[in-house]
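Just so you know, the sequences run in chain order A and B. Per this note's numbering: the first sequence = residues 2 to 252. Per this note's numbering: the second sequence = residues 2 to 252. Shown next, in structure tokens, is the structure this report addresses.
2 protein chains.
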Amino acid sequence: MFSVFVVPARYQLIYWPTLQGRGEFVRLVLEDVGLPYDDLARQAESNGAGGAVVVERMLSHKTQHPLFAPPILKIDELVIAQTPNILWWLGRNHNLWPIEEALCLLAMQVQLTIADLVTEVHDTHHPIALGHHYEDQMQAACKRSVQFLSARLPLFLQHLEDILSASGGVYMIGKTITTVDLSTFQVLEGLEYAFPKGFAYASHRTTKLHALRDRIRQRPRLAAYLASNRRIPFNEQGIFRRYPELDRLTE
Amino acid sequence: MFSVFVVPARYQLIYWPTLQGRGEFVRLVLEDVGLPYDDLARQAESNGAGGAVVVERMLSHKTQHPLFAPPILKIDELVIAQTPNILWWLGRNHNLWPIEEALCLLAMQVQLTIADLVTEVHDTHHPIALGHHYEDQMQAACKRSVQFLSARLPLFLQHLEDILSASGGVYMIGKTITTVDLSTFQVLEGLEYAFPKGFAYASHRTTKLHALRDRIRQRPRLAAYLASNRRIPFNEQGIFRRYPELDRLTE
């Protein structure tokens, strides 16, 4: 008789160490599933090394698999980049993705729409130049933010509410939880942090979404994560930034 | 003996009728594969009905499958939205997607990075408000465009060149053609149309990309399509717009 030792796959996340950003959508899945993972840049940071260097080294490394931006998830030899791509892979491998083809396509559709929403949130504070400081584009940011909160955010939230209603009101896609529910939770948390007034305005009719967010927050592993110091607090380095001058519905 | 008649699936594209936009990434795949398809809004338009109404009706229709934006592809009962999602489905079903898992993940990664690039191109002429005219945000557009052409576009193009080099220089992903090659072709065409000077600057070292673009253009079905009146010319309603004041590398 032989004993067979199966070495579990090693999950390694590479993302900026001091902010939630797009990496948080991946962290939430790993935490909800209860997968042990190495958050490489944060580990380097807490060891006194520069965590950002870990990310930059990964991006500049010339390999068979060029990378443009984090988050990046490594599973042994497999390298996955682009948030919706990572979520899709994790979802399919850890029971957080639908089975039926039409629902798979709907899940990816909504995951991509959430990614579009996240990009629009980012552009409220960086409408001109990604590489420049917020303070250098504040005037344009104020204008873009008014447009976002008054014209775009209500559309996005109503659409997400419609998706949730169409599936019966409990989960975003079909009758079981998927990565889309976790991403919806995160985007609602971030919007309320960044735009307390604008979010209240845009979400006052999306009651099913609010209830979903409360249910997701109470999932045991997620609740434990959110209460731990592994959850980086929202801050003004991330995508969801609280700048009071941007939380306005009129100029 | 029975005769079995297989009714071929009917492909219906729903997209704005007077511009290439994101719909063109889908049209290129349908044309390259040689799939007959109904371009519903364009057909309505050429019949004297308002083609945009077809799109708006589709988006506002409350069904089991809420939709946020075109392009939308219908295949009998299946409804697919979000460009990378549509391309993934078409690619898998029509021999334009890799088989091996690592290459599938790489293909989706690059497809999503191209989608990000397209969004950044769009924001050069609409940095403040999606729903307002270009002329009302021209000053901010000039600033954003300089940043895009000088800082962002060279990064994107070098990354796409690196992807192509890593796969051996003939196809973007692996050793066979995928939707990623067709999307890369389209984005290069659009960039050269919109920013003749900026594109020349940002792409002067990406020689493999230029060669790929030339090879794709000569694929027989694609060449026939590009020469036909089914190909809507680039214009100033789409994503790639030629505004000379935006084609500058310094303010």
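We put the CB at the ideal spot given by N, CA and C, even for glycine. As the structure is a computational prediction, the values presented were derived from the model and not from experiment.
Reducing DSSP to helix, strand and coil, say where residue 194 (chain A) ends up. Within the first sequence, the letter at position 193 stands for residue 194 (chain A). Helix.
Straight-line CA distance for residue 158 (chain A) to residue 195 (chain A)? In the first sequence, counting from the first residue as 1, residue 158 (chain A) sits at position 157. In the first sequence, counting from the first residue as 1, residue 195 (chain A) sits at position 194. Rounded to whole angstroms, residue 158 (chain A) to residue 195 (chain A) spans 15 Å at the Cα level.
Along the chain, where does the alpha helix (DSSP H) that runs through residue 124 (chain A) open and close? Within the first sequence, numbered from 1, the residue matching residue 124 (chain A) stands at position 123. Here the alpha helix (DSSP H) through residue 124 (chain A) covers 102-126.
If we cut at 8 Å on Cβ distances, does residue 86 (chain A) have a partner in chain B? Taking the first sequence and counting its residues from 1, one reaches residue 86 (chain A) at position 85. With 8 Å as the cut-off, residue 86 (chain A) counts as an interface residue toward chain B.
Beta-carbon contacts of residue 82 (chain B) that lie in its chain and below 6 Å, excluding the five residues immediately before and after: For the purposes of this step, residue 82 (chain B) is taken as the residue at position 81 of the second sequence. 68 and 73.
Could you tell me how far apart the beta carbons of residue 191 (chain B) and residue 149 (chain B) are, in whole angstroms, since I believe they sit closer than 8 Å? As a first step, residue 191 (chain B) is located in the second sequence; it is residue number 190 there, counting from the start. As a first step, residue 149 (chain B) is located in the second sequence; it is residue number 148 there, counting from the start. Actually they are not in contact, since the Cβ atoms of residue 191 (chain B) and residue 149 (chain B) sit about 13 Å apart, beyond 8 Å.
Kindly give me the distance between the Cβ atoms of residue 80 (chain A) and residue 66 (chain A), rounded to whole angstroms, as I take these residues to be in contact under 8 Å. As a working note, residue 80 (chain A) is residue 79 in the first sequence. As a working note, residue 66 (chain A) is residue 65 in the first sequence. About 5 Å; that satisfies the 8 Å criterion.
Decide if residue 28 (chain A) is buried, meaning its Cβ has at least 16 other Cβ atoms within 10 Å, or exposed. Within the first sequence, the letter at position 27 stands for residue 28 (chain A). Buried, by the Cβ-count rule.
Pull up the DSSP beta-bridge partners for residue 73 (chain A), would you. Position 72 of the first sequence holds residue 73 (chain A). Paired residue(s): A:15 and A:82.
I believe residue 217 (chain B) touches residue 182 (chain B) by the beta-carbon criterion, under 8 Å. Please report the beta-carbon distance rounded to the nearest angstrom. Counted from its first residue, the second sequence places residue 217 (chain B) at position 216. Counted from its first residue, the second sequence places residue 182 (chain B) at position 181. Yes, residue 217 (chain B) and residue 182 (chain B) are in contact; Cβ-Cβ is about 6 Å, under 8 Å.
Taking Cβ-Cβ distances below 7 Å as the criterion, which residues of the segment 155-189 of chain B are in contact with chain A? 160, 163, 164 and 167
Beta-bridge partners of residue 39 (chain B), as assigned by DSSP: Along the second sequence, read from residue 1 onward, the residue named residue 39 (chain B) stands at position 38. Note: residue 39 (chain B) sits in a beta bridge opposite B:13.
Would you kindly report the start and end of the unbroken alpha helix (DSSP H) that includes residue 26 (chain A)? Along the first sequence, one-based indexing puts residue 26 (chain A) at 25. Run containing residue 26 (chain A): 24-34, per the alpha helix (DSSP H) assignment.
What does residue 120 (chain B) touch in chain A if you count any residue whose Cβ is under 8 Å from its own? Stepping through the second sequence from its first residue, residue 120 (chain B) is reached at position 119. Here the neighbours are 117 and 120.
Buried or exposed for residue 18 (chain B), going by 16 or more other Cβ atoms inside 10 Å? Mapped onto the second sequence, residue 18 (chain B) falls at position 17. Classification for residue 18 (chain B): buried.
Starting from residue 54 (chain A), follow the alpha helix (DSSP H) in both directions and report where the run begins and ends. Walking along the first sequence from the start, residue 54 (chain A) turns up at place 53. Segment 52-61, the alpha helix (DSSP H) holding residue 54 (chain A).
Does residue 123 (chain B) come within less than 8 Å of chain A when only Cβ atoms are used? Here residue 123 (chain B) refers to the residue found at position 122 of the second sequence. So no, residue 123 (chain B) is outside the interface.
When the Cβ atoms of the segment 223-241 of chain A are set against those of the segment 202-213 of chain B, are three or more pairs found closer than 8 Å? no
What does residue 69 (chain B) touch in chain A if you count any residue whose Cβ is under 7 Å from its own? Your numbering for residue 69 (chain B) matches position 68 in the second sequence. Here the neighbours are 114 and 160.
Return no unless some Cβ of chain A is closer than 8 Å to the Cβ of residue 98 (chain B). Within the second sequence, numbered from 1, the residue matching residue 98 (chain B) stands at position 97. Chain A contact via Cβ: absent.
For residue 38 (chain A) and residue 116 (chain A), the rounded distance between their alpha carbons: Here residue 116 (chain A) corresponds to residue number 115 of the first sequence, with the count starting at 1. Here residue 38 (chain A) corresponds to residue number 37 of the first sequence, with the count starting at 1. Roughly 23 Å between the two C-alpha positions.
Residue 164 (chain B) lies in the alpha helix (DSSP H); which residues open and close that run? By 1-based counting over the second sequence, the position of residue 164 (chain B) is 163. Looking at the DSSP string, the run of the alpha helix (DSSP H) that includes residue 164 (chain B) is 154-167.
Interface flag, residue 72 (chain B) vs chain A, CB-CB below 8 Å: The residue you call residue 72 (chain B) lines up with position 71 of the second sequence. Answer no: the Cβ-Cβ gap between residue 72 (chain B) and chain A never drops below 8 Å.
Beta carbon of residue 135 (chain B) nearer than 8 Å to that of residue 141 (chain B): Translated into positions along the second sequence, residue 135 (chain B) becomes position 134. Translated into positions along the second sequence, residue 141 (chain B) becomes position 140. It is not a contact, given that the beta carbons lie outside the stated cut-off.
Would residue 145 (chain A) count as contacting chain B if we go by Cβ distances under 8 Å? Translated into positions along the first sequence, residue 145 (chain A) becomes position 144. So yes, residue 145 (chain A) belongs to the interface.
Name the chain A residues that come within less than 8 Å of residue 107 (chain B), Cβ to Cβ? As a first step, residue 107 (chain B) is located in the second sequence; it is residue number 106 there, counting from the start. Per Cβ cutoff of 8 Å: 66.
Checking contacts by CB at 8 Å: is residue 153 (chain B) closer than that to chain A? Position 152 of the second sequence, counted from the first residue, corresponds to residue 153 (chain B). Output row for residue 153 (chain B): interface = yes.
Whose Cβ in chain A lies nearer than 8 Å to the Cβ of residue 81 (chain B)? Walking along the second sequence from the start, residue 81 (chain B) turns up at place 80. The answer, in chain order, is 106 and 110.
Can the beta-carbon of residue 84 (chain A) be found closer than 8 Å to that of residue 23 (chain A)? For the purposes of this step, residue 84 (chain A) is taken as the residue at position 83 of the first sequence. For the purposes of this step, residue 23 (chain A) is taken as the residue at position 22 of the first sequence. Yes. Within cutoff.
Hey, residue 154 (chain B) and residue 203 (chain B): beta-carbon distance below 8 Å or not? Position 153 of the second sequence holds residue 154 (chain B). Position 202 of the second sequence holds residue 203 (chain B). Cβ atoms of residue 154 (chain B) and residue 203 (chain B): closer than 8 Å.
Along chain B, which residues have their Cβ under 8 Å away from the Cβ of residue 90 (chain A)? As a first step, residue 90 (chain A) is located in the first sequence; it is residue number 89 there, counting from the start. Correct list: 106.
Assign residue 111 (chain A) to buried or exposed, taking buried as 16 or more other Cβ atoms, counted over all protein chains shown, within 10 Å of its Cβ. Sequence index remark: in the first sequence, residue 111 (chain A) carries index 110 (1-based). Result: buried.
Take the Cβ of residue 6 (chain A) as the centre, count every other Cβ of all protein chains shown within 10 Å, and call the residue buried at 16 or more, exposed below. On the first sequence, position 5 is the one that residue 6 (chain A) refers to. When all chains shown are included, residue 6 (chain A) counts as exposed.
Where does residue 6 (chain A) fall in DSSP's three states? As a first step, residue 6 (chain A) is located in the first sequence; it is residue number 5 there, counting from the start. The answer is coil: DSSP assigns residue 6 (chain A) none of H, G, I, E or B.
Return the first residue and the last residue of the alpha helix (DSSP H) that residue 176 (chain B) is part of. Locating residue 176 (chain B) in the second sequence gives position 175, counting from the first residue. Unbroken run through residue 176 (chain B): none, as it is neither H nor E.
Relative to the C-alpha of residue 151 (chain A), which candidate in B:129, B:146 and B:52 has its C-alpha closest? Along the first sequence, one-based indexing puts residue 151 (chain A) at 150. Out of B:129, B:146 and B:52, B:129 has the C-alpha closest to the C-alpha of residue 151 (chain A).
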